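Quick mapping for you: the protein sequence lines, in order, are chains A and B.
Sequence positions in the first sequence follow the numbering used here and run 1 to 996.
Sequence positions in the second sequence follow the numbering used here and run 1001 to 1275.
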Amino acid sequence: MAQRIEIALKEGVRDARGERVRREIEHFFHLPVREVRTIDVYTVDAGISQEELVKAASEPFSDPVIQTWSLDRPLADGFDYLVEVGFRPGVTDNVGRTAREAIEYITGRPFAAGEGVYTSVQYLLSGALSRTDVERIARDLLCNTLIQRYIVLDRAEFTASGGVAVVVPKVTGETRAQVREIDLNVSDEELMRISREGVLALTLDEMKVIQGHYRDPAVIAERAKVGLAARPTDAELEALAQTWSEHCKHKIFSGNIEYVDENGNREEIRSLFKTFIQGTTRKVREQLGERDFCLSVFKDNAGVIRWNDDWSLVFKVETHNSPSALDPYGGALTGIVGVNRDPFGTGKGSKLIFNTDVFCFASPFYDKPLPSRLLHPRRIYEGVVEGVEHGGNKSGIPTVNGSIVFDDRFAGKPLVFCGTAGLMPATINGVPAHEKFIRPGDLIVMTGGRIGKDGIHGATFSSEELHEGSPVTAVQIGDPITQKRMTDFLIRARDKGLYNFITDNGAGGLSSSIGEMSGECGGCRMDLSKAPLKYPGLDPWEILISEAQERMSLAVPPEHIDEFMAMARRFGVEATILGEFTDSGYFHIMYGDRTVAYLPMDFLHEGLPPMQMRGVWEVKRHEEPAPEVKEDYAADLKQLLGSLNICSKESVVRRYDHEVQGGSVVKPFTGVANDGPSDAAVIRPVLDSFEGVVVSHGICPRYSDIDTYHMTANAIDEALRNYVAVGGSLDLVAGLDNFCWCDPVQSDKTPDGEYKMAQLVRSNKALYDYCVAFGIPLISGKDSMKNDFWDGNVKISIPPTLLFSVIGKIDDIRTAVTMDAKRPGDIVYLLGKTGYELGGSEYLALKGYVGNSVPQVNTAEALPRYRALHRAISQGLVASCHDLSDGGLAVALAETAFAGGFGIAAELARVLWSGDESRKSDAALLFSESASRHLVTVRPENRDAFESVMAGNCFSSIGVVTEEGRVTIAGLSGTGVIDAGIDELKQAWQSPLREL
Amino acid sequence: MAKARAIVITGNGTNCEMEAAHACRLGGFDETVIAHISDILTGEVRLDEFHFLNLTGGFLDGDDLGSAKAQANRFRYARINDLKEHLIDQIMRFIDAGKLILGVCNGFQLMTKMGLLPAIDGAYLTQTATLTFNDCGRFQDRWVYLKVDPASPSIYTRGVDRGLYLPIRHGEGKFVVDGPATLAAIEGKHLAVFTYSDATYSAPTMEFPLNPNGSVNAIAAVCNESGRLMGMMPHPEAFLHRTNHPRWTREELPEEGDGLVLFRNAAAYVKANLL
């Protein structure tokens, strides 16, 4: 019989959680709530004594200084309505798991199968509320009904029923190990029905390829030998659907595209990935020759580069968009702990040294109607920020860099980019650590969490747009602590050489990880009945493709298996032998002694014919606003500083631990009051060395409205100029591309697919052109291609977005530079030229325009200038350096000044201009977003040295740092166009998101 | 010659073991071991072999039952495999032997919830204080000024002039006590080693963000009456070199960071008293 333990705060103790809920009720619903208090509930469903329960309640579950507890007696009192929110059956309950372990320590014996602890939270609301109000609060704020359930009781009901009834959200079911066969000898319509209703996300062409395979007499004969009928099993179809999903196979990037440009010129592209991404790296590595630092690119979970003779750097950035749209907290948490496993599962495994996060949201202040099923952008913002906070902080990995981009089209799908870097020894036991192999006979071992129904169809689901019936099981919730335990253990096993190969279980679960690993040696034989389950009732196909989190798959040679398993036990990590790797040529999956899947490796991995697609480019003209001429632009500057894309994100950034591991050098915020925005991060991953790692990124989806070619060029340039600004070396810098696109395949649902495909092609062309010109090899990346919302009526497509991340080295962290003005009298230089490039700018957006003159990147001028700037920084000649991006020169001047706590006096007449003189104006000089520019301050005594290092490049001194805290800018005519105090500028910049 | 030996316990969500061990080495310990909790529970590593125990920052068991609660429970009930004792017996023996324990952040939370601090009049294992959610309701990573109490018995702060500048990184750092008697004892015996203060270390403050969590009387660190056990929310191991300082690119700073002095004092104490 399950029992309830309740934990309440003592009288007079502040309930921070309740206060926050009360504020949110006010904000979202404008309802009169006087007070919200909270109670934690543990429902213990286990055979333990009363005395042991009392011990659990009074010791680990409650804090005697601030809390009281009760056993089977409700503590709630003095409320008008009570809402209790708990998880649905089978949803990961991390607190419940910890509570169970705590009881096991007390009793000294493990829980029996089926026993468990389940947590829920009671919210006690006081105020003049109706039941309808409370139902709304419960449904739209306190509970995500996808993963949670709630109950509402008013005071009278609560009294009458003697409290809240005991609910045990236990998964019930028995393992029948059912395997179905599916008849594919059916009509095309029927084939599509099978794909759709099974959430396989396979196209008709793909279904027909599978149909053909199962009609092949040779295949039928081989199947008979293992006791299988001619018809495919559900496990086989699921494995194929997962392996061939857009998410795993990147069909759009590997397909064939006919591209037609604006002049009607045709071009045949065989795989965007091979042509433009791998092509970039091949070309750059050729150019680098002996200086090539790439060690492992595109073939593992993350890219690996040489950092120095002793250490290699590993980096990967992933997205977790669809799950975050459905369950922002769980989806984002899974996003960060999921990408952690990529560098961890690269080569023989690496120690994780930092995270980066970039989020794209609609405005949290969005006040227009939203289609049903879409969560309000502010809930998404809150949930994603908190999910990544918990995932990153609890894993002990510093979050060092990131940004938040706002555009209301992200209401259709938020973008949640999470990146993680690792550091691995160059060699382990004398072998390069980035290399791994599998020998037939090596054992298949899975470590970490258990398998449940969580995340089933995650891979195929993220290959589809969101719709009304998107499946509940597609959401997983990460558990950073189980993962941390596992990684603590595996790093030790790595150093002892106990395994040959490691990879993560992410999208597609075992089907994907073991499927890919089997490709290394030519086959496997795995028994799913051995897999540890969270609860009974899973069919073999579900075990095969479940995306339950916190798992790694390994190949352990038989001679090390005993030591490996013993060490796992000691660390409290579950490890299970599931079978062995073979060279049979087959992906052979058993359940007990029965074969449930028998797929030839070459069909599984190579059986899919390339997609045929078409892209047609057209130049779209946007309304071009008339040039604005004003005498005073201070109000425009303040408005820009307060725009969502430019304003301070400090309220979010401070919630992320950016200093754990002790190597923080350039932090997210800098300057006299620790609140100026840094351009990039510098860390020192090895504490007895002064060599550092530099990371930064660029992202500018607004430019996609004009031309994705230049959007991409600007994203690459932005990442690199941020990197150079803090002192990153151009001799060792690598890039990562993350494409988040709306569906670019022409169909009834996507009538503008050919244009969107052309946008994708142009972005790829720019990626090649600019990375080759800058000499940046691409080492890894990812694409997410179906970022649309479609409910049958409304379609919301995100703007095509490329996140470009760079990672590299600074030889000596003591030469790093920050963006804050350092002292009065320092000379202010602007490096690079400014042109009439307001197209897609924040300034035009403020005025309600897109415009056409999108900024263009000139690598022939930028690269030598970046190299010269790097020399100047390395020689200690630069006092501060800040990149110019959103909002242009005016914003950069303001940020440099208020971060430093000084003023700046500058003259626009001294800014170098590029292009048509007739378009030169104060507004263009102030707000144009021309690429490749830096704002630098230099001590007067370093003037000559700085100018001589920079000689031959475009730069000019435009002003001076002043004692008085004012930004004063003289216009072209010589009279002031901006005169504003740094305090008011900082206030404008800090206020929009300060309270979120 | 005997060696000064430090141990850093890790596992189940401890995060700061690398930099804490680095701090011990820089501070002058001859040997520093990072031991996973499983190494201790199997009896492979014994606390008796060390002089200085670091309970460092992190999220033990995800702070799922309240910060460090599950680890406090583990320390109390977990048995050492091949010895007939609980882990807590080793810890009490360590304390009785006059050795040093420094709890930082999650480690401070752990020591408080185990009743190792403030342990007035040697009343160990009875909890009289706690660390709970910050008043601002959020995790915070920011730097704070810590005014030292020069009259405190802490062996770690010898020679600290006015105070230290260190980062805090926590969501549950608000120090509260079970009643006025405990607070009076802490203050009367000068056990509140550090208080959150203004930038000149002139007076304790309750003002956010200088006091980032709303701790009673701005208390940021507590030691026991012997001065050998100390817990603190700020992270000394996060400021060992000047480049850790948030304004190192604009201020003239000594090469060594503010946090190192605590580890130097610990090593000096061990060498003078325990070898």
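We treat Cβ as the ideally placed atom computed from N, Cα and C, and that holds for glycine.
Model, not experiment: these values are computed from the prediction.
Short CB-CB distance (under 8 angstroms) between residue i and chain A
{"i": "residue 1038 of chain B", "result": "yes"}
{"i": "residue 1104 of chain B", "result": "no"}
{"i": "residue 1243 of chain B", "result": "yes"}
{"i": "residue 1261 of chain B", "result": "no"}
{"i": "residue 1116 of chain B", "result": "no"}
{"i": "residue 1153 of chain B", "result": "no"}
{"i": "residue 1223 of chain B", "result": "no"}
{"i": "residue 1264 of chain B", "result": "no"}
{"i": "residue 1237 of chain B", "result": "yes"}
{"i": "residue 1107 of chain B", "result": "no"}
{"i": "residue 1233 of chain B", "result": "no"}
{"i": "residue 1132 of chain B", "result": "yes"}
{"i": "residue 1201 of chain B", "result": "no"}
Cβ distance (whole Å) where residue i is taken to contact residue j below 8 angstroms
{"i": "residue 15 of chain A", "j": "residue 38 of chain A", "result": "6 angstroms"}
{"i": "residue 366 of chain A", "j": "residue 421 of chain A", "result": "With 8 angstroms as the limit, residue 366 of chain A and residue 421 of chain A do not qualify as a contact, their Cβ atoms being about 34 angstroms apart."}
{"i": "residue 761 of chain A", "j": "residue 877 of chain A", "result": "The Cβ separation is near 43 angstroms, so there is no contact."}
{"i": "residue 885 of chain A", "j": "residue 659 of chain A", "result": "Contact doesn't hold; Cβ gap of about 26 angstroms is too wide."}
{"i": "residue 641 of chain A", "j": "residue 989 of chain A", "result": "4 angstroms"}
{"i": "residue 604 of chain A", "j": "residue 243 of chain A", "result": "6 angstroms"}
{"i": "residue 575 of chain A", "j": "residue 500 of chain A", "result": "At roughly 15 angstroms, the Cβ-Cβ gap does not stay under 8 angstroms, so residue 575 of chain A and residue 500 of chain A are not in contact."}
{"i": "residue 141 of chain A", "j": "residue 134 of chain A", "result": "With a Cβ gap of about 11 angstroms, residue 141 of chain A and residue 134 of chain A do not count as contacting."}
Helix, strand or coil at residue i according to DSSP, with G and I counted as helix
{"i": "residue 504 of chain A", "result": "strand"}
{"i": "residue 8 of chain A", "result": "strand"}
{"i": "residue 1262 of chain B", "result": "helix"}
{"i": "residue 84 of chain A", "result": "strand"}
{"i": "residue 1125 of chain B", "result": "coil"}
{"i": "residue 1093 of chain B", "result": "helix"}
{"i": "residue 144 of chain A", "result": "coil"}
{"i": "residue 677 of chain A", "result": "strand"}
{"i": "residue 159 of chain A", "result": "helix"}
{"i": "residue 214 of chain A", "result": "helix"}
{"i": "residue 643 of chain A", "result": "coil"}
{"i": "residue 527 of chain A", "result": "strand"}
{"i": "residue 707 of chain A", "result": "coil"}
{"i": "residue 468 of chain A", "result": "Because the pLDDT at residue 468 of chain A is just 48, under 50, the model does not fix this residue reliably, and the point stays unresolved."}
{"i": "residue 27 of chain A", "result": "helix"}
{"i": "residue 875 of chain A", "result": "coil"}
{"i": "residue 560 of chain A", "result": "helix"}
{"i": "residue 1142 of chain B", "result": "strand"}
{"i": "residue 1098 of chain B", "result": "coil"}
Interface flag, residue i vs chain B, CB-CB below 8 angstroms
{"i": "residue 813 of chain A", "result": "yes"}
{"i": "residue 393 of chain A", "result": "yes"}
{"i": "residue 687 of chain A", "result": "yes"}
{"i": "residue 471 of chain A", "result": "Low confidence applies to residue 471 of chain A: its pLDDT is 46, below 50, so where it sits in the model is not reliable enough to give any reading."}
{"i": "residue 481 of chain A", "result": "yes"}
{"i": "residue 3 of chain A", "result": "no"}
Discussion item. Going residue by residue through the stretch 375-415 of chain A, where are the continuous alpha helix (DSSP H) segments of at least 4 residues, counting only ones entirely within it?
Written reply: 377-395
Worksheet item: If you pair each beta-carbon of the stretch 728-742 of chain A with each one of the stretch 583-591 of chain A, do three or more pairs fall below 8 angstroms?
Response: no
Discussion item. Assess contact between the stretch 1215-1229 of chain B and the stretch 1166-1180 of chain B, defined as three or more Cβ pairs (one per stretch) separated by less than 8 angstroms. Is contact present?
Written reply: A contact exists between the stretch 1215-1229 of chain B and the stretch 1166-1180 of chain B.
Discussion item. Contact between the stretch 765-780 of chain A and the stretch 279-296 of chain A is defined here as three or more beta-carbon pairs at a separation below 8 angstroms; is this criterion met?
Written reply: Look at the beta carbons and you see the stretch 765-780 of chain A touching the stretch 279-296 of chain A: at least three pairs across the two are nearer than 8 angstroms.
Discussion item. Which complete beta strand (DSSP E) runs does the stretch 1167-1245 of chain B hold, if anything under 3 residues is left out?
Written reply: 1174-1177, 1194-1197, 1219-1223 and 1229-1232
Worksheet item: Would the stretch 516-532 of chain A and the stretch 592-603 of chain A be scored as touching if the rule is three or more Cβ pairs under 8 angstroms?
Response: yes
Practice prompt. Spell out a yes or no on whether the stretch 74-87 of chain A and the stretch 153-161 of chain A are touching, meaning 3 or more CB-CB pairs, one atom from each, closer than 8 angstroms.
Written response: yes
Discussion item. Please give me, in chain order, every unbroken run of the alpha helix (DSSP H) with length at least 4 that falls completely inside the stretch 252-294 of chain A.
Written reply: 279-288
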